[in-house]
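Numbering (this note's numbering), first residue to last: 509 to 867.
Right, dumping it as structure tokens:
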């Protein structure tokens, strides 16, 4: 049976993509900005937004924003695909979606060149994803005869998110700069995704009086995302790698003062005890390391330095795929208390965001 929840011209609903595992943080960000949550799915949150429409792009834990045209349940068979085609062709939300898209993009292209992107999570459907994409492309071309379908590029994107019977369709309002940001002029291999960095910063509970530290700053993503998240007293970052420091300085440029960036060993930080109020750190794991043999000693020494420099009761947020190692070391350290563990999916790999309070 077809259930179409959204196809009303007076319903201004949006949805946002994020990294799987960060949904609760994005949900909080949306609500704090005045939005109301309609539905939460893996890597996707649908919400109602009454604030200024350009404020959508300030959602730092979102990788993409869409105007929601359809949210529906269809059967897994080919009749479900036909039902989806019919709804896309007759949906009354197109006009409002295109109006908002034009307002946000401020583009005045003479001809719309569109493409359809279909994402599928799980299986069970009696048709492949490319058939879904091509059939919906044909439907849109029929509804808007003056538009031209393209395989790449284009100035309008129609996205389909499908999981079992659930299908959500929308117009992409954001561009690649929301996902990748504009500051990443110098990136490193296995560099932290900006939305993950923003989520880690939010988990530190930022205040105006923060002295924020990233002891292994890489390309500077955590430092920049903290700088973008509000006022602070000082930013501190460093790395053992000269290449990483060059990348950090390129990406930061003259912004985010006061800030200190230094070459150092995170196992022996040149900082006074109790001089830091919050820490976020992307620990070495996965592709960033050639062998795991030295990780127990490295993690032990870095945790010891973090506890030395951070003030009591302050928060540290750590990211790693080495969950068991980190948890065992933290349980042995009676000066660091585990408050929260959030699993996240990073390029098909399970990693863990661990929130720790100094005691």
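Positions of the beta carbon are idealized from the N, C-alpha and C atoms, including for glycine.
Which residues in the same chain have their Cβ closer than 6 Å to the Cβ of residue i, if we skip the five residues on either side of it in sequence?
{"i": "residue 649", "result": "657"}
{"i": "residue 655", "result": "620, 622"}
{"i": "residue 577", "result": "599, 601, 605, 677, 678"}
{"i": "residue 691", "result": "732, 759"}
Looking at the structure shown, is residue i part of a helix, part of a strand, or coil, going by DSSP?
{"i": "residue 793", "result": "coil"}
{"i": "residue 517", "result": "In this predicted model, residue 517 has a pLDDT of only 36, less than 50, meaning its place in the structure is not dependable; the value taken from the coordinates is given anyway. In the structure shown, residue 517 sits in coil (DSSP, three-state: anything other than H, G, I, E or B)."}
{"i": "residue 708", "result": "helix"}
{"i": "residue 732", "result": "helix"}
{"i": "residue 528", "result": "coil"}
{"i": "residue 874", "result": "The question about residue 874 has no answer here: the residues shown for the chain are numbered 509 through 867."}
{"i": "residue 602", "result": "helix"}
{"i": "residue 863", "result": "strand"}
{"i": "residue 587", "result": "helix"}
{"i": "residue 569", "result": "coil"}
{"i": "residue 618", "result": "coil"}
{"i": "residue 542", "result": "coil"}
{"i": "residue 752", "result": "helix"}
{"i": "residue 781", "result": "coil"}
{"i": "residue 741", "result": "coil"}
{"i": "residue 757", "result": "helix"}
{"i": "residue 610", "result": "helix"}
{"i": "residue 684", "result": "helix"}
{"i": "residue 838", "result": "helix"}
{"i": "residue 660", "result": "coil"}
{"i": "residue 855", "result": "coil"}
{"i": "residue 848", "result": "strand"}
{"i": "residue 636", "result": "coil"}
{"i": "residue 763", "result": "coil"}
{"i": "residue 595", "result": "helix"}
Leaving aside the five residues before and after residue i along the sequence, list all residues of the same chain whose C-beta is less than 8 Å from its C-beta, in chain order.
{"i": "residue 847", "result": "823, 863, 864, 865"}
{"i": "residue 630", "result": "671, 672"}
{"i": "residue 693", "result": "758, 759"}
{"i": "residue 779", "result": "721, 744, 817"}
{"i": "residue 767", "result": "731, 735, 742, 743, 744, 745, 760"}
Which residue's Cα is closest to the Cα of residue i: the options?
{"i": "residue 626", "options": "568, 791, 678, 754", "result": "678"}
{"i": "residue 727", "options": "706, 759, 703, 736", "result": "759"}
{"i": "residue 708", "options": "522, 529, 523", "result": "529"}
{"i": "residue 856", "options": "838, 778, 720, 829", "result": "829"}
{"i": "residue 687", "options": "527, 860, 859", "result": "527"}
{"i": "residue 552", "options": "581, 695, 669, 787", "result": "669"}
{"i": "residue 640", "options": "843, 592, 730, 765", "result": "592"}
{"i": "residue 710", "options": "620, 534, 522", "result": "534"}
{"i": "residue 800", "options": "819, 586, 831", "result": "831"}
{"i": "residue 633", "options": "664, 675, 603", "result": "675"}
{"i": "residue 571", "options": "714, 738, 680", "result": "680"}
{"i": "residue 685", "options": "613, 624, 653", "result": "613"}
Quick test of your reading: residue i and residue j, contact by CB under 8 Å. State the CB separation rounded to the nearest angstrom.
{"i": "residue 682", "j": "residue 555", "result": "The pair is not a contact, with the Cβ atoms about 15 Å apart (cut-off 8 Å)."}
{"i": "residue 835", "j": "residue 774", "result": "The pair is not a contact, with the Cβ atoms about 20 Å apart (cut-off 8 Å)."}
{"i": "residue 531", "j": "residue 548", "result": "5 Å"}
{"i": "residue 542", "j": "residue 559", "result": "5 Å"}
{"i": "residue 782", "j": "residue 763", "result": "28 Å between Cβ atoms; not a contact."}
{"i": "residue 569", "j": "residue 703", "result": "5 Å"}
{"i": "residue 575", "j": "residue 608", "result": "5 Å"}
{"i": "residue 731", "j": "residue 700", "result": "Contact doesn't hold; Cβ gap of about 11 Å is too wide."}
Answer with buried or exposed for residue i, where buried requires no fewer than 16 other C-beta atoms within 10 angstroms of its C-beta.
{"i": "residue 784", "result": "buried"}
{"i": "residue 733", "result": "buried"}
{"i": "residue 748", "result": "exposed"}
{"i": "residue 821", "result": "exposed"}
{"i": "residue 752", "result": "buried"}
{"i": "residue 611", "result": "exposed"}
{"i": "residue 786", "result": "buried"}
{"i": "residue 579", "result": "buried"}
{"i": "residue 522", "result": "buried"}
{"i": "residue 661", "result": "exposed"}
{"i": "residue 810", "result": "buried"}
{"i": "residue 659", "result": "exposed"}
{"i": "residue 594", "result": "exposed"}
{"i": "residue 615", "result": "exposed"}
{"i": "residue 666", "result": "buried"}
{"i": "residue 617", "result": "exposed"}
{"i": "residue 813", "result": "buried"}
Tell me which residues share the same chain as residue i and place their Cβ nearer than 7 Å to its Cβ, disregarding the 5 neighbours each side in the sequence.
{"i": "residue 833", "result": "803, 804, 807"}
{"i": "residue 750", "result": "771"}
{"i": "residue 826", "result": "789, 791, 834, 862, 864"}
{"i": "residue 851", "result": "529, 858, 860"}
{"i": "residue 843", "result": "815, 866, 867"}
{"i": "residue 741", "result": "717, 718, 719"}
{"i": "residue 647", "result": "593, 596, 597"}
{"i": "residue 588", "result": "582"}
{"i": "residue 643", "result": "589, 593"}
{"i": "residue 545", "result": "535, 538, 539, 553, 555"}
{"i": "residue 511", "result": "Low per-residue confidence applies at residue 511: pLDDT is 44, beneath 50, and the placement is therefore not dependable, though the value from the model is reported in the following sentence. Cβ neighbours of residue 511 beyond the five flanking positions: 580, 581."}
Compare the C-beta of residue i with all C-beta atoms of chain B and state if any pair is closer than 9 Å.
{"i": "residue 546", "result": "Absent from the structure is chain B; it holds one protein chain and no more."}
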